[in-house]
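Quick note: the sequence shown, position 145, residue 145 per the working numbering, numbers continuous. Let me begin by presenting the structure, written as structure tokens, before commenting on it.
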Amino acid sequence: MPTLTLSMIVKNGEKTLPRCLDSVRGLADEIVIADTGSTDHSIEIARRYGAEVFSIPWEDDFAKARNLSLARATCDWVLMLDCDEMLDPDTAKVLPTHLAARQVMGYTVTIRNYVQQLNFFMWDQRAKRNEDTRDFVKDLSGYADHVNTRLFRRHPEVYFQGRVHETVGYRLYELGMRMDQAEFIIHHFGFLNREQIQANKAVFYRELGRQKVRDLPDNSLSHFELGVEEALHFHNYGEAAEHFHKAAQLNPRFGPGWLYYGRMLTLTGEHRGAIEAYARAEETSVNRTMLLDYQGESHYALGDFKAARSCYQKLHELEQDDPSIESKLGFTEVRLGLTDEGLRRLRHAIGAAPGNVECHDRLITACLWLGKLEEAAEAAERKLETSKAQPECFLRAATMYVLLNRWQRVLDLVKLGLEHFPKDPKLNEGLLEARRQLEIAEMAERGDVDFRNKDYAAACEHYRDTLARLSASPVVESKLGIAEVRAGWVEEGLARLQKAVKQLPQAIENYDRLITACLETGRAKEAALAAEDKLRHTAPRPEIYLLAAGLSAQAANLARAATLAEEGLGWFPDDQKLRQLAVEIERLAPQQAAK
Numbered sequence: 001m002p003t004l005t006l007s008m009i010v011k012n013g014e015k016t017l018p019r020c021l022d023s024v025r026g027l028a029d030e031i032v033i034a035d036t037g038s039t040d041h042s043i044e045i046a047r048r049y050g051a052e053v054f055s056i057p058w059e060d061d062f063a064k065a066r067n068l069s070l071a072r073a074t075c076d077w078v079l080m081l082d083c084d085e086m087l088d089p090d091t092a093k094v095l096p097t098h099l100a101a102r103q104v105m106g107y108t109v110t111i112r113n114y115v116q117q118l119n120f121f122m123w124d125q126r127a128k129r130n131e132d133t134r135d136f137v138k139d140l141s142g143y144a145d146h147v148n149t150r151l152f153r154r155h156p157e158v159y160f161q162g163r164v165h166e167t168v169g170y171r172l173y174e175l176g177m178r179m180d181q182a183e184f185i186i187h188h189f190g191f192l193n194r195e196q197i198q199a200n201k202a203v204f205y206r207e208l209g210r211q212k213v214r215d216l217p218d219n220s221l222s223h224f225e226l227g228v229e230e231a232l233h234f235h236n237y238g239e240a241a242e243h244f245h246k247a248a249q250l251n252p253r254f255g256p257g258w259l260y261y262g263r264m265l266t267l268t269g270e271h272r273g274a275i276e277a278y279a280r281a282e283e284t285s286v287n288r289t290m291l292l293d294y295q296g297e298s299h300y301a302l303g304d305f306k307a308a309r310s311c312y313q314k315l316h317e318l319e320q321d322d323p324s325i326e327s328k329l330g331f332t333e334v335r336l337g338l339t340d341e342g343l344r345r346l347r348h349a350i351g352a353a354p355g356n357v358e359c360h361d362r363l364i365t366a367c368l369w370l371g372k373l374e375e376a377a378e379a380a381e382r383k384l385e386t387s388k389a390q391p392e393c394f395l396r397a398a399t400m401y402v403l404l405n406r407w408q409r410v411l412d413l414v415k416l417g418l419e420h421f422p423k424d425p426k427l428n429e430g431l432l433e434a435r436r437q438l439e440i441a442e443m444a445e446r447g448d449v450d451f452r453n454k455d456y457a458a459a460c461e462h463y464r465d466t467l468a469r470l471s472a473s474p475v476v477e478s479k480l481g482i483a484e485v486r487a488g489w490v491e492e493g494l495a496r497l498q499k500a501v502k503q504l505p506q507a508i509e510n511y512d513r514l515i516t517a518c519l520e521t522g523r524a525k526e527a528a529l530a531a532e533d534k535l536r537h538t539a540p541r542p543e544i545y546l547l548a549a550g551l552s553a554q555a556a557n558l559a560r561a562a563t564l565a566e567e568g569l570g571w572f573p574d575d576q577k578l579r580q581l582a583v584e585i586e587r588l589a590p591q592q593a594a595k
């Protein structure tokens, strides 16, 4: 019967080594461990399990260390594990069959890397939700798999290669030896270590990766591995892009190289180059889910919403249970003018994943684009209730009510934020500003009453008094401007209204007051310009295009009116009012030309 050696290198692994060695009990005929300088109880623990332990110097070369351990093996087959790993308990059912396969020289084994966050990536694989109910993994959130050659026949010409991310797989491939896929998995828990341990390990692996690239400058995987380190742990996207590009150039059929090169370009804003890289990745067997997601992001950034929607539609078909993808699709549809469908998707995504912050943010942003301020404010508050709120979440919710001029609610939300984060400087600044603005609103309300009663002169006095006491407020400035126009101070009022929209361009009501004032004073051209300015600062909506195009026509600028109507129909091709206006403008154009 074939025999098996467990070969390991270890340093200070006392916390996890017992679990690892327990997992091979009854399977390994011998255990050979090369210790690279442990100062804990690793050596004593290993010897209690009957391991042959010997010390070796550490020379910044994992392959060299593993080969020293491999040289002590005496069995027919060799299994390689790290001390933060363990064999799956079901391995005993299939291992004898694997070892008895006469023509097979090695097995690639699935390594299941457990993580706490589902936004983790392993090469081109996104982390999956962990549904394993066994005691040793049931409390872990997710995992990402990769494969490596971990079980192989002992042979004098088979040895580890690579200073870091070492493997015997390259050597088996070079020798033309047969490899199969193992029917068992190895569980890896190393990514669950504390952040500082992971950070220190990342620095160490990056330096080894740089040395490996110097050792193997024409090796595609060495560049790819270093690119992963630079991108994942250090966010050096520019440097990572260079390594991914080199990996892809050295092996044009290596899909992850093109995929990650494109991703780095996306992250650095080079979206056209990213689209080209994704096209190259698409020619390979790369993960299609990630590819569509990244393509959609770059198409969206370039303003090609139709292409972005196509990507997200295909992605949604592949991942129908992923609320985040449905949210991205819905947001893109809103930008395309498919408002009802897009908002339905955005709301459904939040219902399916109430704790997903990005889904909430997309709905809030979409509502702002569409001028649905009440729903934006409600969505921002719902985000506070259903996700882990940070100071900026309270500030954003408060900002929604700023746009609605509901300062008491602004004050309440800022106070609520300070209950959770009492020392946050921005929330404390927000508290002072909310109190100031609430006082402004209360004072301005007297002017609002006079304005509703059409006592415009009295309204002006109250608004001026408010501004004099509590400094600048674009909203009050705007209210004063329309009151001045109606009280007879036309030029002063119009100038004030222009000032208000410049100071706070996102306040839609300021544009509406300016447009109204221009129309009331017979200034159609100025009203048309104000309507276009409003269009530039709000989401595309049929009624705004109707207003802007109609005012341009009223100002006798039919060419501009036609352009606006055509642009509106590009967003809303089925809107009958826009279509009727476009037909009417086309009918009037020859008449104006004749004049």
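For each residue, glycine too, the CB sits at the ideal point set by N, CA and C.
Burial state of residue i (16 or more Cβ within 10 Å)
i, result
"residue 13", "buried"
"residue 204", "exposed"
"residue 594", "The predicted model places residue 594 with a pLDDT of 48, which falls under 50 and marks its position as unreliable, so this point remains unresolved."
"residue 8", "buried"
"residue 40", "exposed"
"residue 479", "buried"
"residue 1", "exposed"
"residue 103", "exposed"
"residue 173", "exposed"
"residue 583", "exposed"
"residue 106", "buried"
"residue 256", "buried"
"residue 100", "exposed"
"residue 575", "buried"
Beta carbon of residue i nearer than 8 Å to that of residue j
i, j, result
"residue 24", "residue 35", "no"
"residue 501", "residue 533", "yes"
"residue 60", "residue 226", "no"
"residue 184", "residue 78", "no"
"residue 63", "residue 152", "no"
"residue 223", "residue 265", "no"
"residue 290", "residue 259", "yes"
"residue 109", "residue 186", "yes"
"residue 527", "residue 515", "yes"
"residue 376", "residue 343", "no"
"residue 581", "residue 549", "yes"
"residue 373", "residue 397", "no"
"residue 38", "residue 11", "yes"
"residue 296", "residue 328", "yes"
"residue 628", "residue 517", "Nothing about residue 628 can be read from this structure; the chain reaches only from 1 to 595."
"residue 206", "residue 230", "yes"
"residue 302", "residue 263", "no"
Residue span of the beta strand (DSSP E) that contains residue i, given as start and end
i, result
"residue 146", "142-153"
"residue 181", "179-188"
"residue 387", "Looking at the DSSP string, residue 387 is not in any beta strand (DSSP E), and its letter there is neither H nor E."
"residue 34", "30-35"
"residue 106", "106-115"
"residue 85", "85-87"
"residue 10", "4-10"
"residue 80", "77-80"
N-terminal and C-terminal residue of the alpha helix (DSSP H) that residue i is part of
i, result
"residue 340", "339-352"
"residue 58", "Per DSSP, residue 58 belongs to no alpha helix (DSSP H) and is neither H nor E."
"residue 266", "255-267"
"residue 272", "271-282"
"residue 166", "Note, residue 166: premise wrong, no alpha helix (DSSP H); not H, not E."
"residue 299", "288-301"
"residue 489", "Neither: residue 489 is in no alpha helix (DSSP H) and is coded neither H nor E."
"residue 22", "17-22"
"residue 473", "Per DSSP, residue 473 belongs to no alpha helix (DSSP H) and is neither H nor E."
"residue 238", "237-250"
"residue 91", "91-100"
Quiz prompt | Segment contact, 8 Å Cβ cut-off, at least three pairs: the segment 241-256 with the segment 266-281 | solution = Verdict: yes, contact present.
Quiz prompt | Cβ pair count under 8 Å reaching 3, the segment 441-450 against the segment 414-423 | solution = Verdict: no, contact absent.
Quiz item: Between the segment 377-386 and the segment 351-364, do at least 3 Cβ pairs fall closer than 8 Å?
Solution: Enough Cβ pairs lie closer than 8 Å, so yes.
Self-check item: Contact the segment 555-563 vs the segment 534-543: 3+ CB pairs below 8 Å
Solution: Touching, no.
Quiz item: If we count Cβ pairs, one from each stretch, closer than 8 Å, do we get three or more for the segment 311-330 versus the segment 342-353?
Solution: The segment 311-330 vs the segment 342-353: in contact.
Self-check item: alpha helix (DSSP H) runs contained entirely in the segment 392-455, provided each spans 4 or more residues
Solution: With a minimum length of 4 residues, the continuous alpha helix (DSSP H) runs that stay inside the segment 392-455 are 407-420, 425-452.
Quiz item: Can you list the alpha helix (DSSP H) stretches of 4 or more residues lying completely in the segment 506-593, in chain order?
Solution: Qualifying alpha helix (DSSP H) stretches, in chain order: 508-520, 524-536, 542-554, 558-571.
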